[in-house]
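>
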Amino acid sequence: MGLIQVANSLIASGSEVQSVKLESCITTDDVYMLVGNNIIVGGAGGICDIQPLVDSTIDTTSNIDIAWINLNSSGSFQKFGNANQDIWRVTDGMNLTPYATNFIMYLYNWNSSSEYAFITMEVTSHNGSNLRGYQQGGVKTETTSFNGVEIHTNQTGGGGFQAGTQFTLYKVV
Amino acid sequence: MSNEFGYIPESPEQSFGNNKGIFTPTDIYDLTRADKYTNYGQLELIETQTGTDVATVDFTAIKETEYNVHFMTFNNMQSANDNIEVTQIQLYENGVLETASVYQLARQNCSTVSFAENRTTGSDAMKLLGGSGNQANEKQCGYAYFYNLGDSAKYSFCTFHMETWTSDPYFFAGFGSALLPQASTVNGIRVKTNGGNIATFTISLYGIKEYS
Chain A
5 MGLIQVANSL IASGSEVQSV KLESCITTDD VYMLVGNNII VGGAGGICDI QPLVDSTIDT
65 TSNIDIAWIN LNSSGSFQKF GNANQDIWRV TDGMNLTPYA TNFIMYLYNW NSSSEYAFIT
125 MEVTSHNGSN LRGYQQGGVK TETTSFNGVE IHTNQTGGGG FQAGTQFTLY KVV
Chain B
78 MSNEFGYIPE SPEQSFGNNK GIFTPTDIYD LTRADKYTNY GQLELIETQT GTDVATVDFT
138 AIKETEYNVH FMTFNNMQSA NDNIEVTQIQ LYENGVLETA SVYQLARQNC STVSFAENRT
198 TGSDAMKLLG GSGNQANEKQ CGYAYFYNLG DSAKYSFCTF HMETWTSDPY FFAGFGSALL
258 PQASTVNGIR VKTNGGNIAT FTISLYGIKE YS
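Residue numbers (our numbering), protein chains in the order written: chain A, 5 to 177; chain B, 78 to 289.
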C-alpha cells in the first residue's frame with residue numbers, strides 16, 4: 005500500500021474555523037484515505053461531522069445509511085444503525101486539548117458516477133470523561149461523483165476547530 | 078532573448094516543493110533520503126523487525142518528530158506458550174517505559190462462537206487481542222494506527238483491528254481503540270506478551286507523512 009497526499013488542512017493559531025473543505029482532490033476511482041489528527045475544539049461538547057463535496061458545494065441530501073459501534077472504556081458499548089441521515093458523524097464528544105479526536109476514514113467509489121459512495125471509519129477519542137472509539141461503516145445511496153470532502157463542527161468556542169487540528173487526504177495506490 | 082533553452086545548471090539548489098532539472102534514479106534516491114524530493118505524502122517504512130523467541134520487541138527510533146500518525150502491521154505473531162496474548166503494547170515516554178496500569182482500552186471481540194466487550198480504564202498495556210495458541214497456524218495478525226505520539230502536550234491514541242486462530246481452535250477477531258491518557262512525548266513502542274516469549278513475529282512500523 006502506498007499513499008499520495010492530495011489535500012491537507014492544518015488549522016493555524018488565529019485561523020480557527022468551524023468548517024474545513026478539501027476541494028477538488030478526489031479525481032480517480034482509487035480508494036482514498038482521510039486522516040483526522042489531533043482534532044480539538046475550543047469548548048467542551050460538540051460534534052464533528054463529514055459530508056461529501058461536489059466542487060465547493062456540500063451534498064446535504066438525507067440518504068446516508070450507517071452502522072456504528074461506540075466502544076468506550078468505562079461503559080457498555082453502544083450499537084447504532086440509521087438510514088437517511090445527511091452526515092457521517094465522527095463523534096459527538098469533542099473537547100479541549102489534551103483531549104482530542106483522531107480518525108482514519110477510507111472512501112470508496114466517491115469519484116464514481118455509477119456507484120454508491122461507501123466509507124469505513126475508525127475513531128479514537130477522549131471526551132474528557134473516558135476513551136471513546138467508534139467503528140463505523142456507511143453508504144450514501146446516490147450515484148453522484150464526489151470530488152471533495154467537508155468536515156465541520158457545531159462547537160463555536162474559540163472559533164471551532166483549534167490550532168493543531170489537521171485533516172489530510174491521501175490517495176491509496 | 079535567453080540563450081539557455083534546455084540548459085540545466087550543474088547544481089541547482091534542491092528542496093521539497095522546488096526541484097529543478099532532470100533526475101536519475103540515484104538522484105531521486107539521494108534527494109528522497111534527504112527529504113528534498115517533492116513527493117506529497119507517503120507511507121514510509123520506519124522499521125521492520127522479524128525473528129523468533131524473544132521476550133519483547135522494541136521500536137525505539139520511531140521518528141516521532143516527523144510523523145503525527147504511525148501505522149504498525151503485525152504478521153505471524155505467535156507465542157511460545159499456549160493461550161497467550163501476543164500483541165500487548167506499551168509506550169516509552171521520553172525513553173521510560175510506562176508499565177503502570179494507566180492505559181485505557183475499548184475492544185469489541187468477535188468470533189465464530191461469541192461476541193464480547195472488553196473495556197478498562199486501568200490496564201498495564203494496550204491489549205490488542207486475547208490469547209492465541211502455540212500450535213501450527215495459531216497466529217495473530219492485524220494492524221494499529223497511533224496518533225500524536227510525539228506531541229508532548231497531547232495524549233497518545235490508538236485504533237486497531239486484529240485477528241487470530243485460537244488455541245481452541247476457532248477464528249477470533251477484535252477491533253477498537255486504546256489510549257495512554259498522559260500528555261507526554263512517546264518515543265518508543267514495545268510489543269510484548271502476557272506470559273513467556275514471542276515465538277515468531279514480523280512487525281513493521283510506518284510513518285504516515287504529510288506536508289502542510
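From the three backbone atoms N, C-alpha and C, an ideal C-beta is built for every residue, glycine too.
Comparing the C-beta of residue 62 of chain A with each C-beta of chain B, is any distance below 9 Å?
Your numbering for residue 62 of chain A matches position 58 in the first sequence. Residue 62 of chain A does not count as touching chain B.
> From the DSSP secondary-structure annotation, give me the bridge partner or partners of residue 98 of chain A.
In the first sequence, the residue the question calls residue 98 of chain A occupies position 94. DSSP output for residue 98 of chain A lists no bridge partner at all.
> If contacts are defined as beta-carbon pairs under 8 Å, then residue 138 of chain A and residue 35 of chain A qualify, I think. What distance do you get, rounded to the angstrom?
Your numbering for residue 138 of chain A matches position 134 in the first sequence. Your numbering for residue 35 of chain A matches position 31 in the first sequence. Not quite, the Cβ-Cβ distance comes to about 20 Å (not below 8 Å), so this is no contact.
> Can you list the beta strand (DSSP E) stretches of 3 or more residues lying completely in the stretch 88–168 of chain A, in chain order?
92–95, 105–112, 121–130, 135–144 and 152–157
> Do you know offhand how far residue 163 of chain A's Cα is from residue 151 of chain B's?
Translated into positions along the first sequence, residue 163 of chain A becomes position 159. Translated into positions along the second sequence, residue 151 of chain B becomes position 74. Residue 163 of chain A and residue 151 of chain B: Cα-Cα distance of roughly 40 Å.
> Given 8 Å as the limit, is there contact between the stretch 275–283 of chain B and the stretch 182–194 of chain B, that is, 3 or more CB pairs closer than that?
With a cut-off of 8 Å on Cβ pairs, the stretch 275–283 of chain B is not in contact with the stretch 182–194 of chain B, counting fewer than three such pairs.
> Are there 16 or more other CB atoms within 10 angstroms of the CB of residue 50 of chain A, so buried, or fewer, so exposed?
Here residue 50 of chain A is taken as the residue at index 46 of the first sequence, counted from 1. The residue in question, residue 50 of chain A, is buried, as its Cβ has 16 or more Cβ neighbours within 10 Å.
> Between residue 75 of chain A and residue 254 of chain B, how many whole angstroms is the CB-CB distance? I'm expecting something under 8 Å.
Indexing the first sequence from 1 puts residue 75 of chain A at position 71. Indexing the second sequence from 1 puts residue 254 of chain B at position 177. Indeed, because the Cβ distance is near 6 Å, the residues count as touching under 8 Å.
> Go through its chain and collect everything with a Cβ distance to residue 188 of chain B's Cβ below 8 Å, but skip five positions before and after it.
In the second sequence, the residue the question calls residue 188 of chain B occupies position 111. Spatial neighbours of residue 188 of chain B in its own chain (CB-CB distance under 8 Å, excluding positions within 5 residues in sequence) are listed in chain order as 243, 247, 248, 249 and 250.
> To test your reading of the DSSP string, which unbroken alpha helix (DSSP H) runs of 4 or more residues are found completely within the stretch 200–286 of chain B?
none
> Is the distance from the Cβ of residue 159 of chain A to the Cβ of residue 71 of chain A below 9 Å?
Here residue 159 of chain A is taken as the residue at index 155 of the first sequence, counted from 1. Here residue 71 of chain A is taken as the residue at index 67 of the first sequence, counted from 1. No, Cβ-Cβ distance for residue 159 of chain A and residue 71 of chain A is not below 9 Å.
> Could you say which of B/259, B/233 and B/156 lies nearest to residue 131 of chain B if we only look at CA atoms?
Translated into positions along the second sequence, residue 131 of chain B becomes position 54. Out of B/259, B/233 and B/156, B/156 has the C-alpha closest to the C-alpha of residue 131 of chain B.
> Would you verify that the beta carbon of residue 70 of chain A is, or is not, closer than 9 Å to some beta carbon of chain B?
As a position in the first sequence, residue 70 of chain A is number 66, starting the count at 1. No, because no Cβ of chain B sits closer than 9 Å to the Cβ of residue 70 of chain A.
> Within 10 Å of its beta-carbon, does residue 122 of chain B have 16 or more other beta-carbons around it, so buried, or fewer, so exposed?
Position 45 of the second sequence, counted from the first residue, corresponds to residue 122 of chain B. Exposed.
> Please return the same chain residues whose Cβ sits closer than 7 Å to the Cβ of residue 128 of chain B, not counting the five positions on each side in sequence.
For the purposes of this step, residue 128 of chain B is identified with residue 51 of the second sequence, where counting begins at 1. Same-chain partners within the cutoff: 278.
> Along chain A, in chain order, which residues have C-beta atoms closer than 7 Å to that of residue 377 of chain B?
Any property of residue 377 of chain B remains undetermined from this structure, which presents chain B solely from 78 to 289.
> I'd like to know whether the C-beta atoms of residue 295 of chain B and residue 144 of chain B end up nearer to each other than 9 Å.
Any property of residue 295 of chain B remains undetermined from this structure, which presents chain B solely from 78 to 289.
> Can you list, in chain order, the residues of its chain with a C-beta nearer than 8 Å to that of residue 7 of chain A? Leave out the 5 residues immediately preceding and following it.
Position 3 of the first sequence holds residue 7 of chain A. Contacts found: 37, 174, 175, 176 and 177.
> Given that a residue counts as buried once 16 or more other Cβ atoms are within 10 Å of its Cβ, and exposed if not, what is residue 263 of chain B?
If you number the second sequence from 1, residue 263 of chain B lands on position 186. Label assigned to residue 263 of chain B: buried.
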